[in-house]
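Colleague:
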Amino acid sequence: QVQLVESGGGFLQPGGSRRLSCAASGIDFRLYHMGWYRQAPGKQRELLAVITTGGSTNYADSVKGRFTISRDNAKNTVYLQMNSLKSDDTAVYYCKAGSGGLQYWGKGTLVTVSF
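Under the working numbering, think of the first position of the sequence shown as 279, with each following residue one higher.
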């Protein structure tokens with residue numbers, strides 16, 4: 279059974295930082311490209327960052343320079359380091375694993391950025 283479990287969300291202040299984690303099980307993690315997405319209330323799900331099996335990364339303009347995606351294949355985990363948080367970053371954050379025609383989603387972790 280494939281599971282992706284996000285963690286690290288919470289209530290954060292503007293300007294703060296947080297690292298999100300997504301632990302995968304039931305897949306050969308090394309063979310999957312990993313991505314972080316978010317969905318804010320009333321908005322479509324948005325792709326934030328991708329890291330390939332080879333470690334190449336790409337970012338949405340909205341988070342470039344503030345967020346960093348990384349992976350630890352030994353721990354079957356992908357991370358999203360978020361810095362300089364803004365209220366607009368408030369959303370449910372999801373990770374996705376993709377390989378060929380297969381894709382799996384986690385259930386998300388809520389990040390709220392507010393004073």
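By construction, the Cβ of each residue, glycine as well, lies at the ideal position given by its N, Cα and C atoms.
1. Could you say if the segment 364 to 374 and the segment 303 to 322 meet the contact criterion of at least three C-beta pairs nearer than 8 Å?
2. CA-CA distance, F345 and V391?
3. Would T387 be called buried (16 or more neighbouring beta carbons within 10 Å of its own) or exposed?
4. Where does the unbroken beta strand (DSSP E) through G378 begin, and where does it stop?
5. DSSP three-state label for L388, please.
6. I'd like the span of the beta strand (DSSP E) that includes S348, first residue to last.
7. Answer with yes or no whether the minimum CB distance from F307 to chain B is below 8 Å.
8. On the DSSP letters alone, give me the boundaries of the beta strand (DSSP E) that T355 sits inside.
9. My guess is that A327 and L358 are in contact by the Cβ rule of under 8 Å, so how many angstroms apart are they, rounded?
10. Could you check which residue in G343, G294, T331 has the C-alpha nearest to that of G378?
11. Just how far apart, CA to CA, sit K364 and G343?
Modeller: The answer reads as follows:
1. The segment 364 to 374 makes contact with the segment 303 to 322: 3 or more CB pairs, one atom from each, lie closer than 8 Å.
2. In the sequence shown, the residue the question calls residue 345 occupies position 67. In the sequence shown, the residue the question calls residue 391 occupies position 113. Answer to the nearest angstrom: the Cα atoms are 15 Å apart.
3. If you number the sequence shown from 1, residue 387 lands on position 109. Around the C-beta of T387, 16 or more other C-beta atoms lie within 10 Å, and the residue is accordingly described as buried.
4. Taking the sequence shown and counting its residues from 1, one reaches residue 378 at position 100. Element bounds for G378: n/a, residue is neither H nor E.
5. Here the question's residue 388 lines up with position 110 in the sequence shown. DSSP places L388 in the strand class (E or B) of the three-state scheme.
6. Within the sequence shown, numbered from 1, the residue matching residue 348 stands at position 70. Segment 345 to 350, the beta strand (DSSP E) holding S348.
7. Included in the structure is just one protein chain, with no chain B present.
8. Mapped onto the sequence shown, residue 355 falls at position 77. 355 to 360 is the extent of the beta strand (DSSP E) around T355.
9. Walking along the sequence shown from the start, residue 327 turns up at place 49. Walking along the sequence shown from the start, residue 358 turns up at place 80. About 6 Å separates the CB atoms of A327 and L358; that is less than 8 Å, so the two are in contact.
10. Here residue 378 is taken as the residue at index 100 of the sequence shown, counted from 1. Checked all of G343, G294, T331; the closest Cα to G378 is T331.
11. In the sequence shown, residue 364 corresponds to position 86, counting from 1. In the sequence shown, residue 343 corresponds to position 65, counting from 1. Straight-line Cα distance between these residues: approximately 13 Å.
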